[in-house]
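Peer 1: For reference, the structure I am asking about is given below.
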Amino acid sequence: MLLRLGLARWGKCLLKCSFTPVSSHFLLTLLFSSGSAVQQTSDTIVRGNEEVLLRCFQEKTTFSYMYWYKQEGKKDPQLQLVAFSVEGFGGSDIIQKEFEGRFESRGMNGYVFNLTLKEAKPSDAGTYFCAKQDNTVSQLHRKPDTNPFIREYT
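The sequence shown maps to residues -37 to -1, 1 to 117 in mature numbering (1 follows the signal peptide of the UniProt record, and there is no 0).
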């Protein structure tokens, strides 16, 4: 089983990674914003059961909060928080319980928040989004919304 990673441009401030079964292969498409919000590495091929590194890098911004979400389903999509990290608090990250053991991260390092899928499997099918949030004085440190509002732009 192979995983193919491809790149395209999409949306603003998000990185979108999608596992789609294609016979004995899985297509992992990474989509990122134009205009310098988030940077992504080039295409790569990964064998099934191998590690997959999902990279998320802020360019021209210095936001302190970064998140990884997984979206499942096409008809009634559900968005789940996978992990989040806050810069300035030891680069710590929090992997949500349902993803512990499958995903890992070292937290934010500068303005990079990478997420590692330890062994890619069909059950990892979905769309993965990396997002960032500005830190202002009025914001309190709290756990991000696990069911955020989803809006599609065309």
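No residue lacks a Cβ here, since even glycine has one placed at the ideal position from N, Cα and C.
This one's a predicted model, so the numbers in the text were calculated from it and none came from an experiment.
Considering just the uninterrupted stretch of the beta strand (DSSP E) at S86, what are its terminal residues?
Peer 2: Premise fails: S86 is in no beta strand (DSSP E) and is neither H nor E.
Peer 1: So for E61, helix, strand or coil by DSSP?
Peer 2: Three-state result, E61: helix.
Peer 1: Just to confirm, is the Cβ distance from L17 to N72 under 9 Å?
Peer 2: No; because the gap between Cβ atoms is not below 9 Å, this pair is not in contact.
Peer 1: Return yes when the Cβ of Y91 is within less than 9 Å of the Cβ of I26, no when it is not.
Peer 2: Per the sequence shown, residue 26 should be read as Phe rather than Ile. No. Outside cutoff.
Peer 1: When DSSP builds the beta bridges, which residues end up paired with N72?
Peer 2: In DSSP, N72 forms a bridge with V75.
Peer 1: For D97, collect the residues of the same chain with a Cβ closer than 6 Å to its Cβ; drop the 5 residues on either side in sequence, then sort them by chain order.
Peer 2: So the list reads F26, once near-sequence residues are dropped.
Peer 1: Which whole-angstrom value describes the C-beta separation of A46 and F66, a residue pair presumed to lie in contact below a C-beta threshold of 8 Å?
Peer 2: Yes, they are in contact, since the Cβ atoms of A46 and F66 sit about 7 Å apart, within 8 Å.
Peer 1: In the DSSP assignment, find the beta strand (DSSP E) that holds S48 and state where it starts and stops.
Peer 2: Where S48 is concerned, the enclosing beta strand (DSSP E) stretches over Q41 to V49.
Peer 1: With distances taken between CB atoms, is the gap from E61 to M29 smaller than 9 Å?
Peer 2: The answer is no: Cβ separation not under 9 Å.
Peer 1: Report the option in K33, S48, C19 and Q21 whose CA atom is closest to the CA atom of A88.
Peer 2: Selected option, being the one with the closest Cα: K33.
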